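First up is the structure itself, then whatever we jot down about it.
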């Protein structure tokens, strides 16, 4: 199985133009309304700090509840006779490294809800995490609508079963 890799993807040209436009507009607003901008920046900084503190506390509590657990308990909670173990391992390891912020690695459970418990954004899952997991596990994501788990993925276990139901990538030599 290939190792976990987190290489940043380059921003496409339309995205770069949007960033430049927002930067120019922001400079204009700062130049014309400096006091209002400072006040809003302080309020926004406070809100972000509180949200970060709450997330860190949430993940620290999860890590404390699960001390001593590992991928072994995760794999035992899935019927590995009917599920490819590469999918199980890829989901476990990629989700651990894809958790938001600097939460560190802590044991995942099959019952963890992707958005509520692990605080993973649906767009991040669809655009980066799931394709990375599928590639690492050797699964094809070109046609997902026929998958019986399509639109029903809310937990880590659901994600394992969804990817397991996807066809394997055919090697170029075949």
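In my numbering, the protein residues as written are 1 to 174.
For each residue, glycine too, the CB sits at the ideal point set by N, CA and C.
A quick note: this is a predicted structure, and the numbers were derived from the prediction, not measured.
Three-state secondary structure (DSSP) of residue 111 = Start at 1 with the first residue of the chain shown, and residue 111 comes out as number 111. The three-state secondary structure of residue 111, taken from DSSP, is coil.
task = Take residue 169 and list the residues in its own chain whose beta-carbon comes closer than 6 angstroms to its own, dropping the five residues that flank it on each side.
result = Taking the chain shown and counting its residues from 1, the one referred to as residue 169 is at position 169. Taking C-beta separations shorter than 6 angstroms and ignoring five residues to either side along the sequence, the partners of residue 169 in its chain run 138, 140, following chain order.
ask   = What are the boundary residues of the alpha helix (DSSP H) that residue 215 is part of?
value = Outside the shown range of the chain (1 to 174) lies residue 215, about which nothing can therefore be said.
request  = Assign residue 163 to buried or exposed, taking buried as 16 or more other Cβ atoms, counted over all protein chains shown, within 10 Å of its Cβ.
outcome  = On the chain shown, position 163 is the one that residue 163 refers to. Classification of residue 163: buried, given that the 10 Å Cβ count is 16 or more.
query = residue 112 and residue 156: beta carbons closer than 7 angstroms?
reply = Your numbering for residue 112 matches position 112 in the chain shown. Your numbering for residue 156 matches position 156 in the chain shown. The answer is yes: Cβ separation under 7 angstroms.
query = Thinking C-alpha only, which one of 71, 124, 136 is nearest residue 9?
reply = Looking up residue 9 in the chain shown gives position 9. Closest option to residue 9, judged by alpha-carbon separation, among 71, 124, 136: 124.
request  = Pull up the distance between the alpha-carbon of residue 16 and that of residue 126, whole angstroms please.
outcome  = Indexing the chain shown from 1 puts residue 16 at position 16. Indexing the chain shown from 1 puts residue 126 at position 126. Going from the Cα of residue 16 to the Cα of residue 126 covers about 22 angstroms.
query = Under three-state DSSP, which class holds residue 66?
reply = Here residue 66 refers to the residue found at position 66 when the chain shown is read from its first residue. DSSP, reduced to helix, strand and coil, places residue 66 outside both helices and strands of the structure shown, so it counts as coil.
Burial state of residue 39, where buried means 16 or more other Cβ atoms lie within 10 Å = For the purposes of this step, residue 39 is taken as the residue at position 39 of the chain shown. It counts as exposed.
ask   = Once you ignore the five residues that flank residue 93 on each side, which residues in its own chain have a CB closer than 6 angstroms to its CB?
value = Your numbering for residue 93 matches position 93 in the chain shown. Leaving aside the five residues that flank residue 93 on each side, the residues in its chain whose CB is nearer than 6 angstroms to its CB run, in chain order, 4.
query = Just to confirm, are residue 90 and residue 133 a CB contact at a threshold of 7 angstroms?
reply = In the chain shown, residue 90 corresponds to position 90, counting from 1. In the chain shown, residue 133 corresponds to position 133, counting from 1. Yes, the pair counts as a contact, with Cβ atoms nearer than the cut-off.
task = Counting only the same chain and skipping the five closest in sequence on each side, list residues whose C-beta sits under 8 angstroms from that of residue 154.
result = Against the chain shown, residue 154 aligns to sequence position 154. For residue 154, where only same-chain residues beyond five positions count, the Cβ hits under 8 angstroms are 113, 114, 115.
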